[in-house]
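2 protein chains.
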Amino acid sequence: MKNLIEPLDDITLSGFRFFKSLSDEELKSLNYEKTCSSLKKGSIIYKEGSRLTGFYCIVRGIVKVYKTGIDGKEQIIRFARKGDIIAYRSLLSQESACTTSKIIEDAILCHVPYKTLLNLIEKNSSFALAMLRIVCAELKEANEYITDIAQKTVRERLAEILLLLKDSFDLDADQTLQISLTREELANTVGTATESIIRLLSEFKQDKLIDLQGRKIKIINLAGLIKVANLTNNRS
Amino acid sequence: MKNLIEPLDDITLSGFRFFKSLSDEELKSLNYEKTCSSLKKGSIIYKEGSRLTGFYCIVRGIVKVYKTGIDGKEQIIRFARKGDIIAYRSLLSQESACTTSKIIEDAILCHVPYKTLLNLIEKNSSFALAMLRIVCAELKEANEYITDIAQKTVRERLAEILLLLKDSFDLDADQTLQISLTREELANTVGTATESIIRLLSEFKQDKLIDLQGRKIKIINLAGLIKVANLTNNRS
DNA sequence: AAAACAAATTGATATATGTCATTGTTATAA
DNA sequence: TTATAACAATGACATATATCAATTTGTTTT
């Protein structure tokens, strides 16, 4: 699969919630300085260790962000979708990327240069604060996930991840998760072995919590799933 | 143990690396607006769920920051020491605290009001950027820990935590860790059961990696520990 | 100093989950 | 249409780690 990259002209970042606090003028130059591209599933946006020149806004599609751990096993840190930004963490720290990002659903991304970001932070304190809050939100998520992964069983975590995916990517009319992951990707998110995911999904199906057909996961007993997930209070 | 709080007059935050980018004038009003206190081991600085009015700078002592998970089991998110700041995450997100912070070594803290923080972020873009980089650094750590906890054995993680503690709190002349934790606290950091920590520490001792006397942990084979920790590349 | 409590240790045991191996299934390409 | 590979599903098995229970040691508190 080739990285079919085709520049796109008419995309604007003006509607992005992340840029809500920008003035018209700032938006104008932002839109001028960004570079958009269309990427096919499987394309890699940037690799762990690479030098970043900017961050990316996701206009459409889905991206998985992961770290490479022991034996090259990937740990998925998050899924990003329309309206999200990626690569900003390492960029702001001025380090080379500590994650890899890969398209899992055909996407359109806009690249915003580091300099533009710095400029906005410097000139627009509302933007700086908004940025700060985005990082803080992600840090909160991370801390919660550390607690989960340290204290919960794989079964509980799988249920929880399914609920999280439901909240992030919604269900279609048929109560089916609008994100399609391989069993391995699910395993790399939950932090377990692929076989365990397969077995647990089957169990969930037997228990009438979900229905499976291929990669489609249909939630048929939400309350039951929530119960299995054993939520403390956080994540809905 | 009582929360013996005694206001302290002559403490200044001017030397804090975190405030490096402040002007003399900003420092002056910061020092005026802060409130310092001396807290004994065991004191709780703030509790999960409480409303925060500011963040805290640690002038001396050690603090553990933890989340309460399943069955009230605590998951230690980080240890903070001189020069570190705590409580800023929830504060910036304007949420109630999602962690609890407790003194584990007699400490002096300075409370800086939210308004002061906001003001600095608004008026001093270098400070805003510095703040941003602090949050980013913590997010990086968190992501790395997620990968570890998801992929490594308890044995590996324990070795790694010992190394981390060594880097954060240094060793005394005798190669002994300058932070004293109960086995339970170690367990709650590593994300395992207390008994497992006890057994693994004994094994490490048998393997001549460390020496134990009470809560004192002496590192006698650093290279060996590093090997056990099975570091990918990140944390030293 | 005794009493009361918290922390550390050790052993026995159960089990959730990882690992390995095999086969079936589906997608992709040639 | 076959060939090739990626993915999914199952079974058998090993084991790291949790859990439970009992004992010892060390710290506070009165």
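From first to last, the protein sequence lines are chains B and W.
Okay, so the first sequence: first residue is 1244 according to my numbering, each after it adds one.
Okay, so the second sequence: first residue is 1244 according to my numbering, each after it adds one.
We put the CB at the ideal spot given by N, CA and C, even for glycine.
Note that the coordinates shown come from a computational prediction; the quantities given were computed from them, not determined experimentally.
Going by beta-carbon coordinates alone, are residue i and residue j separated by less than 8 angstroms?
i       : j       : result
D1410/W : Q1421/W : no
T1435/B : C1353/B : no
S1460/W : T1419/W : Going by the sequence as given, residue 1460/W is Ile instead of Ser. Cβ atoms of I1460/W and T1419/W: closer than 8 angstroms.
C1379/B : V1378/W : yes
T1475/W : I1364/B : no
L1382/W : E1317/B : no
K1283/B : D1349/B : yes
Taking the straight line between their C-alpha atoms, what separation do you get for residue i and residue j?
i       : j       : result
I1254/W : V1355/W : 13 angstroms
G1304/B : I1319/B : 17 angstroms
E1291/B : S1339/B : 7 angstroms
N1386/W : E1384/B : 10 angstroms
E1276/W : Q1337/B : 32 angstroms
D1415/W : R1458/W : 14 angstroms
L1335/W : K1358/W : 11 angstroms
L1187/W : S1368/B : This structure cannot settle anything about residue 1187/W, because the visible part of chain W is limited to 1244 through 1479.
S1257/W : L1273/B : 37 angstroms
D1454/B : D1417/B : 11 angstroms
E1529/B : Q1394/B : Nothing in the structure corresponds to residue 1529/B, since chain B is present only between 1244 and 1479.
A1373/B : L1375/W : 11 angstroms
F1261/B : T1425/W : 44 angstroms
K1366/B : K1366/W : 10 angstroms
R1321/B : C1300/B : 15 angstroms
G1285/W : D1327/W : 19 angstroms
T1311/B : S1445/B : 28 angstroms
Y1289/W : Y1289/B : 40 angstroms
S1293/W : L1401/B : 30 angstroms
K1470/B : F1298/W : 35 angstroms
Is there at least one Cβ from chain W nearer than 8 angstroms to residue i's Cβ?
i       : result
S1368/B : yes
L1372/B : yes
G1312/B : yes
G1258/B : no
A1472/B : no
A1330/B : no
N1246/B : Summary for N1246/B: the model assigns pLDDT 43, below 50, so the residue's position carries little reliability, and this model does not support an answer.
I1463/B : no
A1393/B : yes
I1389/B : yes
E1427/B : no
Q1318/B : yes
G1434/B : yes
If you run the structure through DSSP and keep just helix, strand and coil, what is residue i?
i       : result
R1458/B : coil
D1349/W : strand
Q1318/W : strand
C1480/B : The structure shown does not extend to residue 1480/B, since chain B is modelled only from 1244 to 1479, so the question has no answer here.
R1442/W : helix
A1373/B : helix
E1427/B : helix
F1259/B : coil
G1467/W : helix
R1324/B : coil
K1395/W : coil
L1420/B : strand
S1264/B : coil
D1303/W : In the sequence as displayed, the identity of residue 1303/W is Arg instead of Asp. Reduced to three states, the DSSP call for R1303/W is strand.
S1336/B : helix
S1286/B : coil
S1272/B : helix
Check whether the Cβ of residue i lies closer than 8 angstroms to any Cβ atom in chain B.
i       : result
A1380/W : yes
K1358/W : no
S1339/W : no
T1475/W : yes
E1269/W : no
K1345/W : no
L1335/W : yes
Y1299/W : no
R1376/W : yes
A1385/W : yes
Y1289/W : no
Q1449/W : no
I1364/W : yes
S1439/W : no
Since I believe residue j is in contact with residue i (beta carbons under 8 angstroms), could you give me their beta-carbon distance rounded to a whole number of angstroms?
i       : j       : result
V1302/W : T1342/W : Actually they do not touch by this definition, with Cβ atoms about 20 angstroms apart.
I1389/B : Y1388/W : 6 angstroms
L1406/B : A1472/B : 6 angstroms
K1345/W : I1440/W : Between I1440/W and K1345/W the Cβ distance is about 19 angstroms, and since that is not below 8 angstroms, they are no contact.
L1295/W : S1333/W : 6 angstroms
G1467/B : L1452/B : 5 angstroms
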